[in-house]
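Trainee: Encoded as structure tokens, here's the structure I'll be asking about.
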């Protein structure tokens with residue numbers, strides 16, 4: 305359907321007016337919200353993410369596509385709820401205590417939402433106790449910890465150890481990300497996954513919930 309490809313082009317360009325018009329037009333024609341997500345939004349975000357990982361796209365381009373996709377998702381949300389389509393999974397995300405940076409976290413959040421996940425964003429400078437309370441309240445499949453500063457890397461194992469002490473470690477998969485982190489660091493602190501960028505984070509999230 306040409307409207308789906310036209311929507312993909314609008315998302316890539318960040319043209320929300322066109323994206324909104326196309327989305328509403330497809331809904332009026334009886335195109336399912338889940339089809340719009342699966343055959344346009346997710347494909348577009350995956351394409352932009354792959355280009356970013358390959359160095360062929362940059363953060364502003366990812367932000368433009370992710371923000372526009374998030375707005376379109378809000379148009380589709382009532383239809384998704386009416387049809388009983390459930391999110392792929394629940395994710396809690398936050399920047400660890402002592403770190404006030406949120407750009408990377410925000411990009412991952414938007415990409416996850418555009419990819420069909422329900423995301424609870426706890427913000428920045430999040431204490432271990434807040435992560436634990438959120439896990440108890442929202443019962444997510446995934447906890448995503450963001451860390452931008454080398455000086456705040458020590459906060460990551462503090463969160464993981466607190467989760468263990470609370471008896472919740474086996475209830476959630478932990479994914480970490482941020483410039484100073486790595487796969488080796490993730491293994492050393494007891495995390496399950498390392499998301500080197502937003503595209504990889506979404507791929508891992510899909511794998512965790514069994515839809516990759």
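Numbering (our numbering), first residue to last: 305 to 516. Beta carbons are placed, not taken as given, at the ideal position from N, Cα and C, and that holds for glycine.
Taking the DSSP output, what are the residues bridged to residue 399?
Mentor: Position 95 of the chain shown, counted from the first residue, corresponds to residue 399. DSSP, once it has assigned bridges, lists 450 as partnering residue 399.
Trainee: Note the first and the last residue of the continuous beta strand (DSSP E) segment covering residue 479.
Mentor: Working through the chain shown from its first residue, we reach residue 479 at position 175. It spans 477-481 - the beta strand (DSSP E) in which residue 479 sits, taken as one unbroken run.
Trainee: So for residue 489, helix, strand or coil by DSSP?
Mentor: Start at 1 with the first residue of the chain shown, and residue 489 comes out as number 185. Helix.
Trainee: Starting from residue 355, follow the alpha helix (DSSP H) in both directions and report where the run begins and ends.
Mentor: One-based indexing of the chain shown puts residue 355 at position 51. That run of the alpha helix (DSSP H) goes 346-357.
Trainee: Could you pull the DSSP bridge partners for residue 424 from this structure?
Mentor: Translated into positions along the chain shown, residue 424 becomes position 120. Answer by DSSP bridge pairing, in chain order: 396.
Trainee: Using CA coordinates, which residue listed in 387, 438, 458 and 306 is at the minimum distance from residue 403?
Mentor: Walking along the chain shown from the start, residue 403 turns up at place 99. Out of 387, 438, 458 and 306, 458 has the C-alpha closest to the C-alpha of residue 403.
Trainee: Distance, Cα to Cα, residue 370 vs residue 349?
Mentor: Taking the chain shown and counting its residues from 1, one reaches residue 370 at position 66. Taking the chain shown and counting its residues from 1, one reaches residue 349 at position 45. When rounded, the distance between both Cα atoms is 7 Å.
Trainee: Find the nearest neighbour of residue 364 within the set 315, 421 and 336, judged by alpha-carbon distance.
Mentor: Taking the chain shown and counting its residues from 1, one reaches residue 364 at position 60. Among 315, 421 and 336, the Cα nearest to that of residue 364 belongs to 315.
Trainee: Between which two residues does the alpha helix (DSSP H) harbouring residue 455 extend?
Mentor: Your numbering for residue 455 matches position 151 in the chain shown. Where residue 455 is concerned, there is no enclosing alpha helix (DSSP H), given that its DSSP letter is neither H nor E.
Trainee: Looking at the structure shown, is residue 362 part of a helix, part of a strand, or coil, going by DSSP?
Mentor: Counting from 1 along the chain shown, the entry for residue 362 is found at position 58. Reduced to three states, the DSSP call for residue 362 is coil.
Trainee: When DSSP builds the beta bridges, which residues end up paired with residue 389?
Mentor: What you label residue 389 is simply residue 85 of the chain shown in a count that begins at 1. According to DSSP, which records beta bridges pairwise, residue 389 is partnered with nothing at all.
Trainee: Starting from residue 340, trace the alpha helix (DSSP H) in both directions and tell me its first and last residue.
Mentor: Your numbering for residue 340 matches position 36 in the chain shown. It spans 337-340 - the alpha helix (DSSP H) in which residue 340 sits, taken as one unbroken run.
Trainee: Please indicate yes or no: does the CB of residue 416 lie closer than 8 Å to some heavy atom of the ligand FAD?
Mentor: Ligands in the displayed structure: none, and consequently the ligand FAD is not present.
Trainee: Three-state secondary structure (DSSP) at residue 504?
Mentor: Counting from 1 along the chain shown, the entry for residue 504 is found at position 200. Here residue 504 sits in helix by DSSP.
Trainee: Looking only at its own chain, which residues have a Cβ that is under 7 Å from the Cβ of residue 341, when we skip the five neighbours before and after it?
Mentor: Start at 1 with the first residue of the chain shown, and residue 341 comes out as number 37. If we look at residue 341 and ignore the five residues flanking it on each side, its Cβ neighbours are 380 and 420.
Trainee: Would you kindly report the start and end of the unbroken alpha helix (DSSP H) that includes residue 324?
Mentor: For the purposes of this step, residue 324 is taken as the residue at position 20 of the chain shown. Its alpha helix (DSSP H) spans residues 320-332.
Trainee: I need the straight-line Cα distance from residue 496 to residue 368, nearest angstrom please.
Mentor: Position 192 of the chain shown holds residue 496. Position 64 of the chain shown holds residue 368. For residue 496 and residue 368, the distance between alpha carbons rounds to 30 Å.
Trainee: To the nearest angstrom, how far is it from the Cα of residue 395 to the Cα of residue 488?
Mentor: Here residue 395 corresponds to residue number 91 of the chain shown, with the count starting at 1. Here residue 488 corresponds to residue number 184 of the chain shown, with the count starting at 1. If I take the Cα positions, the gap works out to 23 Å.
Trainee: Can you find the residues in the same chain that come closer than 8 Å, C-beta to C-beta, to residue 436, ignoring five residues on each side of it along the sequence?
Mentor: One-based indexing of the chain shown puts residue 436 at position 132. Cβ within range, chain order: 466, 467, 470 and 472.
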